[in-house]
Amino acid sequence: MGDENSTLSEAEARHLLRRTGFDVSAKTIEKWVASGQTRGGAAAELLKFKPQGFKPNGKTFEDIHDKWVKFMLKTKAALQEKLVLFWHDHFATGISKVADAPLMTKQNALLRRFCKGDFKQLVKEINRDPATMQYLDTVRNTKDGLNENYGREVQELFTLGVKDSNGNDNYLQEDIVQIARAFTGWRYDDKNESYLSNSRHDVGGAPKVIYKSTGQFGLSGINYAAGGEGEGEIDAVTDIIFQHRDSDGRNTVARRTVRRLIEFFGTPNAPQDVVDDCVGTGPDAFDTTWSIEGVLRRIFTHDDFYLGAGAPGVTTHKSIAWPADYVLTTLRTLKVKPKGKDLIIAGGTYNAIRDHLVDMGQTLFDPPSVFGWDWESNWISSATLLARYGFVRDLTSARDGGGTSFRPEKLIDLTLTDANDIVDAVLVVCGVHASFTNVEKTVLADYLTDGAGPINLTDADYRNRKLNGLFALVLESPAFQLV
Amino acid sequence: MAITRRLFLKSGSTAAAGALLAPRLFGSSFVQDALAAIGNRYFVVIYLDGGNDGLNTVVPAGGVLRPWYESARGAGSGGLRLTAANLANTAIANDPNTGSALALHPGFRASPNGSGGAGDGGLHALYQAGKVAVVQGCGYPRYSLSHEDSRRIFQTADPSLSLYGGTGWVGRHLASAYAGQPSAIPGVVIKDAVARDFRQGATSVLAIRRLRDFSFPYDSEFDSLSEKNARNTAFNALHAQAQSGADSGFQYIGNTGATTLASTAAYPALHTLYSSNPTRNAFGKLYDNGTPPGVNRSTARDLLEVAKVINGTEQGMVNSRFFWVENGGYDTHSDQGAGASDGQQFGLHSELGASLKVFYDDLASMGVADRVCIMVYSEFSRRVEQNDTGTDHGSQGPMFLIGGKVAGGVYGNHPRIDPAQLDGEGNTRYRQNGSNNGFESTDFRDVYGTILNKWMAVNPTTVLTADTGDPTRNWTVPNFNMPLFVP
């Protein structure tokens, strides 16, 4: 059993950096291994970033999308961006319905501000976030025309889930209706500030009692408007939701949220005891502090997290890289800097990064539905793999774009003449040397001589064909799709 | 990650892992093998994403249902009531239970060019030709109002969400019917991702957006045959290795990547095959022009891709017989619209109906309409009583079956929309076995089972596990015998 005092092996250090960031810094690995860095020490180092106040400002979807990507390409706090991606999926909101780029920007900044902060407060902020209110119809929810959309999703997707970890219903339709009443009349003004319109708010009707039938609060349920009707109701409802317990007494919101964080950063299908370990106990427990940072520290120091550190031929705990992760990691690893406002890969096909991401199935600011994206093998299909290969082709054939082209000669020593040495060098640059078996390395070495004359990296024609082709094969390889 | 992924090309994979793969996949022996599964027929699934409002899809136009309908759907501004005038041209047969007159939503009679010819007249024209079975009140006991859960229930055919390891019902059929043919590619999904209805690990299902673009992206400066072969050899070897790796995601990518490279050798040509035929090409243009102006055309364009693959299968170039297409945007909590043609649901229905009509006419012209069955479903219907300008989530709703050998007409009973008979949540009750005064509901699995039984000619229990002891599975095998097809 390891804990926060366990020292990191090289493979574990690489795993932690890859899962919490994009490209992996060989220097950091070297430093950590040499100094005997512990899991806890490394986690503290990764989590010490100060949430940056970056806002992807712009008038159009293209503006804000590309600004966020550009920021992610440069940021030194990659973990923050991974968290913003996670919360963007968790509180999925799409510009195709919101139809207002500044509202999406505002939400993105909110997610960044709270990315490792107080989860309960984050939900309270989301409750009155204009983009969310637009996307989930809060602005159309009035005393005369109750709209249940937000009342359902705030429970199903943002907090409780449909069923608890023991398969019991967390809420019923009647609870959705009652919670929808709390949100009646919430709107936002022309400065994008939310407020309660009293004339549209449901007041003086039947008691606002929830969870009568789930047994959480006794047979009579709990009245969320006991403190008075009006503005305070939505916070009161949230406080009650956050007290919800599974049938075995554990906090429902804490368990579900932690499980999702483990699935994102660590391993899918974690056993319940791992989830409960990461919820924690005592004064630091997630269901007391609601500190996301605390959960992350527990995840990054847990044995379960490091099950995925092995090669994909050996471990069963790899995760499939999200398209955004795949694109950013590749660009950052190969030091390719897309050009201009539209982030074009210059020198090859001149396609925009945005279009590549759309084709791979991850349009930032526009998830497919309120459920966000489907993860893991759902990222993979013939269509999305071809999109990944198309991105790789664009990158590795970009030779004529001046300073922004792909320049393998800056990454690889061109005096190398042995096929195995060249393969090793490329795999090291791509950060997947340990993921490839000897058989797979031989396949790549054979490619260097297949259909070509003797290996000569200093010959531009050979290099452009075979070294670029080797990079393409590695970037297209199954191992490189995994984190 | 719950899906068990059987290894693609598990046995004898070394021989297939190189350039030999493509001929093996599309060779004649494979074509012959597959004919045993669905014969020379085709099956197309169309999923209406978001929960289509069934009450404004198969609409009470008269009889005892009409006053109940009018009490639930308002006439004023934001009201969703379809008037007698709205419904005048889309009548269908009466409700078998109440005898009330029924009509399709007026959007289903989209007449973009008024020619009355190919593509004109929408779904209602197909109904009038006797090619549409309207199956009312399809649902399941203890309905879920969650999009995700109900969608999964329809896709896996399992209201308990505990059977089948997350595999789709069509996927289970493919796994069973194509067992021992791991390189068969019987299914094509027109989407970025493999739809859950088709998911399983035993056969490959392609996800294709556009055939024309379904080509492998080689570096155009170095795309000599020898360089391509060298790349393909290495690519296939790496993917074959991944298929025998430990991690299930690794295996899945290995499998999908290898299938993708092989298929890119065959599928783009299907586009050319279709458009180089003048008759087909003329139809191809109708998929765009056959849609009313201002209406989204993405579903029509998706169905055009299906038509191209069917055309290719008919010519022996590939062997895909199962397809999946979606038509999105049905989560009409607000601004749903009623009979005005600029309304949200009107646009969706126009798009769907016009697309289906062009597709059917194209299939008829190819001579395969009698061998195609199209099934249309949504994850649930919507609340009987409307909200301000839209509708919230509801229980059972209608399904459509369309095809040359579909026995057109109205099946099942209209849900019991009497306000006094709704459940505590304002939804129609799902009831069977004579317990609903004639308003008995239809289990959606009876429709699936009938398709398996009569269309795919397989024993439905290979896909649907009957269990009369479980109240969520209270259908029985003899029910898989609805009269939805003409012999």
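In order, the protein sequences belong to chains A and B. Per our numbering, residue 768 is the first one in the first sequence, and the count goes up by one each step. Per our numbering, residue 12 is the first one in the second sequence, and the count goes up by one each step. Don't be surprised by glycine CBs; every beta carbon is placed ideally from N, CA and C.
CB-CB length for residue i against residue j, believed under 8 Å
i	j	result
residue 422/B	residue 139/B	Actually they do not touch by this definition, with Cβ atoms about 17 Å apart.
residue 59/B	residue 389/B	4 Å
residue 1162/A	residue 1193/A	No, residue 1162/A and residue 1193/A are not in contact; Cβ-Cβ is about 14 Å, not under 8 Å.
residue 1110/A	residue 1119/A	6 Å
residue 845/A	residue 788/A	4 Å
residue 917/A	residue 903/A	4 Å
residue 400/B	residue 89/B	4 Å
residue 1145/A	residue 204/B	6 Å
Boundaries (first-last residue) of the beta strand (DSSP E) holding residue i
i	result
residue 337/B	333-339
residue 410/B	408-413
residue 54/B	53-60
residue 953/A	953-955
residue 463/B	Counting along the chain, residue 463/B falls outside any beta strand (DSSP E), and DSSP gives it neither H nor E.
residue 149/B	143-150
residue 328/B	Unbroken run through residue 328/B: none, as it is neither H nor E.
residue 71/B	69-71
Proximity to residue i [Cα-Cα], best of the options
i	options	result
residue 714/A	1032/A, 770/A, 1016/A, 774/A	Here chain A covers residues 768 to 1250 and nothing more, so residue 714/A does not appear.
residue 783/A	1112/A, 966/A, 981/A, 849/A	849/A
residue 450/B	348/B, 429/B, 326/B	429/B
residue 85/B	439/B, 398/B, 375/B, 494/B	398/B
residue 328/B	283/B, 121/B, 452/B, 206/B	283/B
residue 781/A	950/A, 1074/A, 857/A, 916/A	1074/A
residue 798/A	789/A, 786/A, 814/A, 776/A	776/A
residue 403/B	877/A, 919/A, 802/A, 1002/A	919/A
residue 176/B	187/B, 211/B, 189/B, 494/B	211/B
residue 1138/A	1088/A, 859/A, 1071/A, 1150/A	859/A
residue 63/B	188/B, 406/B, 173/B, 325/B	406/B
residue 228/B	1229/A, 833/A, 1150/A	1150/A
residue 345/B	901/A, 1248/A, 769/A, 973/A	901/A
Boundaries of the alpha helix (DSSP H) in which residue i is found, first to last residue
i	result
residue 355/B	355-377
residue 1119/A	That residue, residue 1119/A, is in no alpha helix (DSSP H); it is neither H nor E in DSSP.
residue 729/A	Residue 729/A is absent from the model: chain A starts at 768 and stops at 1250.
residue 828/A	828-841
residue 1066/A	1059-1067
residue 1045/A	1039-1046
residue 1197/A	1186-1197
residue 422/B	Taken as a continuous stretch (DSSP letters only), residue 422/B belongs to no alpha helix (DSSP H), being part of the beta strand (DSSP E) at 420-422.
residue 174/B	Taken as a continuous stretch (DSSP letters only), residue 174/B belongs to no alpha helix (DSSP H), as it is neither H nor E.
Proximal chain A residues relative to residue i, where beta-carbon distance stays under 8 Å
i	result
residue 261/B	1079, 1080, 1085, 1245, 1246, 1249
residue 56/B	Result: empty, since nearest Cβ-Cβ is about 16 Å, beyond 8 Å.
residue 257/B	1079, 1080, 1081, 1082, 1083
Residue i: CB within 7 Å of a non-hydrogen atom of the ligand SAH
i	result
residue 904/A	The ligand content of the structure shown is nil, which means the ligand SAH is not present either.
Closer than 7 Å at the beta carbon, the chain B residues around residue i
i	result
residue 1145/A	204
residue 940/A	156, 436
residue 1251/A	Here chain A covers residues 768 to 1250 and nothing more, so residue 1251/A does not appear.
residue 1148/A	203, 204, 205, 218, 267
Partner residues on chain B for residue i, Cβ-Cβ distance less than 9 Å
i	result
residue 1172/A	By Cβ distance, chain B contributes nothing, its closest Cβ being about 13 Å from residue 1172/A, past 9 Å.
residue 1163/A	230
Neighbouring residues, chain A, relative to residue i (Cβ below 7 Å)
i	result
residue 343/B	The premise fails here: residue 343/B is roughly 10 Å from chain A at the closest Cβ pair, so nothing lies under 7 Å.
residue 307/B	Chain A residues near residue 307/B: none, gap ~12 Å exceeds 7 Å.
C-beta neighbour in chain E for residue i, strict 8 Å
i	result
residue 188/B	Among the chains of the structure shown, chain E does not appear; the protein chains present are A and B.
Contacts of residue i in chain B (Cβ-Cβ under 8 Å)
i	result
residue 1119/A	In chain order: nothing, as chain B lies at least about 16 Å away.
residue 1157/A	228
residue 1141/A	204
Short of 7 Å Cβ to Cβ, which residues in the stretch 921-934 of chain A face chain B?
Within the stretch 921-934 of chain A, the residues whose Cβ lies closer than 7 Å to any Cβ of chain B are, in chain order, 923, 929.
Q.
So if I threshold CB-CB distances at 8 Å, which residues from the stretch 1238-1250 of chain A count as touching chain B?
A. So the close ones are 1239, 1240, 1243, 1244, 1245, 1246, 1248, 1249.
Margin query: Using a Cβ-Cβ cutoff of 8 Å, what residues of the stretch 1213-1225 of chain A are near chain B? List them in chain order.
Written below: 1213, 1214, 1217, 1218, 1219
- Item | Residues within the stretch 901-916 of chain A neighbouring chain B, beta-carbon criterion of under 8 Å | For the stretch 901-916 of chain A, the residues whose beta carbon sits under 8 Å from a beta carbon of chain B are, in order, 904, 907, 909, 911, 912, 913, 914, 915, 916.
Which residues, in order along the stretch 269-291 of chain B, keep a beta-carbon less than 8 Å from a beta-carbon of chain A? So the list reads 270, 271, 274, 275, given in the order they occur along the chain.
Could you run through the stretch 810-837 of chain A and flag, in chain order, every residue whose CB is less than 8 Å away from some CB of chain B? For the stretch 810-837 of chain A, the beta-carbon criterion of a distance under 8 Å to any beta-carbon of chain B is satisfied by none of its residues.
query: What residues in the stretch 1186-1211 of chain A bring their beta carbon closer than 8 Å to a beta carbon of chain B?
result: Residues of the stretch 1186-1211 of chain A that bring their beta carbon within less than 8 Å of a beta carbon in chain B comprise 1204, 1206, 1207, 1210, 1211, in sequence order.
Near-chain A residues of the stretch 155-171 of chain B (beta-carbon distance less than 8 Å), N- to C-terminal order: 155, 156, 157, 158, 159, 160
| Along the stretch 420-435 of chain B, what residues have a CB closer than 8 Å to any CB found in chain A? | 435
Check your understanding: Closer than 9 Å, Cβ to any Cβ of chain A: which residues of the stretch 352-373 of chain B, in chain order?
Key -> none
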